[in-house]
């Protein structure tokens, strides 16, 4: 039985989960959720995810939501299969966790708001808030400075191997680079750029890009 | 070597970690960081947390930042001590704990922290006036999140199951501060959320920490 992933393949949070499943070679089925039609706010979806957000997964009789919890679950469930996305020792795992928290708290909200103002609202025919977008960009600049420093001493965020901490950034950075015209935040930083080139050329991510029709 | 936790007892993020340490009876030294003097933005602290935020932990060769990563590390390291906040022996239970930890982090804290910042921090630390529009917006958001909790807690004693876990613990300090404001009604108006709050806040580990949550107190 395959893992069912509920959500559009083009949305960032489902992409986080799908990338992890592809890295681990876990069979899945995408159950499309039409966000424009507000399918995610309807009663039957709220039974899966009471906050009305994508993604949610169903794996036989096990159900889970929150993309970062889902990737942690599958990285642990299939620890011995494919790349080790979690780290080996307790200390390594803690550092992976730390950078996953950084993505969630210091990075994600800035990217989300920037993309909302510059890409999503205009696509819906609405006016984006350019002052908010600028503020997010300035803060994101400072966050990327920290990443540049980190990646000058370490091939990946948590150490010498690709882990969930790097994986979790893929969807957001793709939006910044491809849709929001913010590629310079990455390309102007030698180590961040090299890291992005490496992680975005991984076969699993490339497979997802094909699935998403990019 | 004793673990060193850099931060402040009154901080919601630092106290999250302190509560977890107390639950496990783990020894540590709290090293205060002088935020008013900008110590958290100085090179010595930035070497521990390049984002210049408290808390940070030194444990031998390991330095960690991000409170939820630190508390998870503590819970893993000391899980043999009779306390099982992560349910790591049961992958599905462990996954539910992580899911509700994400809920606290992504849904709950952004809403409650705005109320806390406007109502408590702005007047006490900056001598300013709370922005009522932000408070009202955030209260509405928090109310919707707590409605989900109310429903969840009708079929589960704690958020991730019938066992106290790290997801519940992560809520403690912010709710404690909320209860000092008129917005504590958001908790009190929901009987199951209220009962859950009374349960988790009566744990001895948290009672030790609550004494230090003094932000906004008039002395």
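Chains as they are written, first to last, in our numbering: chain A, 119 to 332; chain B, 1164 to 1382.
By construction, the Cβ of each residue, glycine as well, lies at the ideal position given by its N, Cα and C atoms.
Chain B contact residues for residue i, given Cβ-Cβ distances below 9 Å
i: residue 268 of chain A; result: 1213
Nearest neighbour of residue i, chosen from the options [CA to CA]
i: residue 328 of chain A; options: A/138, A/128, A/120; result: A/128
i: residue 1262 of chain B; options: A/203, A/239, A/188, A/198; result: A/188
i: residue 144 of chain A; options: A/324, A/135, A/151; result: A/135
i: residue 254 of chain A; options: A/321, A/294, A/204; result: A/294
i: residue 300 of chain A; options: A/121, A/157, A/210, A/236; result: A/236
i: residue 1272 of chain B; options: B/1296, B/1223, B/1301; result: B/1301
i: residue 200 of chain A; options: A/138, A/270, A/268, A/276; result: A/138
i: residue 1311 of chain B; options: A/120, A/147, A/166; result: A/166
i: residue 1279 of chain B; options: B/1365, B/1264, B/1295; result: B/1295
i: residue 290 of chain A; options: A/256, A/247, A/281, A/233; result: A/233
i: residue 1309 of chain B; options: B/1199, B/1270, B/1197, B/1283; result: B/1270
i: residue 1290 of chain B; options: B/1381, B/1347, B/1237; result: B/1381
i: residue 1185 of chain B; options: B/1237, B/1354, B/1221; result: B/1237
i: residue 250 of chain A; options: A/268, A/266, A/228; result: A/228
i: residue 140 of chain A; options: A/330, A/211, A/321, A/240; result: A/321
i: residue 1198 of chain B; options: B/1268, B/1264, B/1260, B/1177; result: B/1177
i: residue 1374 of chain B; options: B/1353, B/1344, B/1339, B/1350; result: B/1339
i: residue 1217 of chain B; options: B/1182, B/1210, B/1335, B/1229; result: B/1229
i: residue 1196 of chain B; options: B/1266, B/1187, B/1188, B/1207; result: B/1207
i: residue 194 of chain A; options: B/1234, B/1253, B/1240, B/1244; result: B/1253
Element boundaries [beta strand (DSSP E), containing residue i]
i: residue 1202 of chain B; result: Here residue 1202 of chain B belongs to no beta strand (DSSP E), and DSSP marks it neither H nor E.
Listed by chain order, chain B residues near residue i by CB distance under 7 Å
i: residue 190 of chain A; result: 1261
i: residue 216 of chain A; result: 1227, 1228, 1229, 1232
i: residue 209 of chain A; result: 1225
i: residue 219 of chain A; result: 1229, 1231, 1232
Partner residues on chain A for residue i, Cβ-Cβ distance less than 8 Å
i: residue 1314 of chain B; result: 168
i: residue 1269 of chain B; result: 184, 222
i: residue 1266 of chain B; result: 169, 184
Helix, strand or coil at residue i according to DSSP, with G and I counted as helix
i: residue 1169 of chain B; result: strand
i: residue 203 of chain A; result: coil
i: residue 1163 of chain B; result: Since the first and last residues shown for chain B are 1164 and 1382, residue 1163 of chain B lies out of range.
i: residue 1243 of chain B; result: helix
i: residue 1249 of chain B; result: coil
i: residue 1288 of chain B; result: helix
i: residue 137 of chain A; result: helix
i: residue 165 of chain A; result: coil
i: residue 1347 of chain B; result: helix
i: residue 1212 of chain B; result: coil
i: residue 128 of chain A; result: coil
i: residue 286 of chain A; result: coil
i: residue 265 of chain A; result: helix
i: residue 1333 of chain B; result: coil
i: residue 160 of chain A; result: coil
i: residue 259 of chain A; result: helix
i: residue 297 of chain A; result: helix
i: residue 1190 of chain B; result: coil
i: residue 332 of chain A; result: coil
Counterpart residues of residue i in DSSP-defined beta bridges
i: residue 1219 of chain B; result: B/1169, B/1228
i: residue 177 of chain A; result: A/180
i: residue 1321 of chain B; result: B/1324
i: residue 123 of chain A; result: A/148, A/175
i: residue 274 of chain A; result: A/277
For residue i, the first and last residue of its enclosing alpha helix (DSSP H)
i: residue 329 of chain A; result: 321-329
i: residue 1304 of chain B; result: 1295-1315
i: residue 1368 of chain B; result: 1367-1373
i: residue 308 of chain A; result: 308-318
i: residue 155 of chain A; result: Residue 155 of chain A -> no alpha helix (DSSP H), and no H or E assigned at all.
i: residue 1380 of chain B; result: Neither: residue 1380 of chain B is in no alpha helix (DSSP H) and is coded neither H nor E.
i: residue 1182 of chain B; result: 1175-1186
i: residue 245 of chain A; result: It is not in any alpha helix (DSSP H) - residue 245 of chain A carries neither H nor E in the DSSP assignment.
i: residue 216 of chain A; result: 208-220
i: residue 191 of chain A; result: 185-195
i: residue 1357 of chain B; result: 1354-1364
i: residue 232 of chain A; result: 226-233
i: residue 237 of chain A; result: Unbroken run through residue 237 of chain A: none, as it is neither H nor E.
i: residue 1256 of chain B; result: 1254-1266
i: residue 1279 of chain B; result: 1272-1279
i: residue 302 of chain A; result: 302-305
Contacts that residue i makes with chain B (C-beta to C-beta distance below 8 Å)
i: residue 129 of chain A; result: Under the 8 Å cutoff, chain B gives no residues; its nearest Cβ is about 15 Å from residue 129 of chain A.
i: residue 136 of chain A; result: Chain B residues near residue 136 of chain A: none, gap ~17 Å exceeds 8 Å.
i: residue 195 of chain A; result: 1254
Interface partners of residue i on chain A, CB under 7 Å
i: residue 1258 of chain B; result: 182, 187, 191
i: residue 1311 of chain B; result: 168, 169
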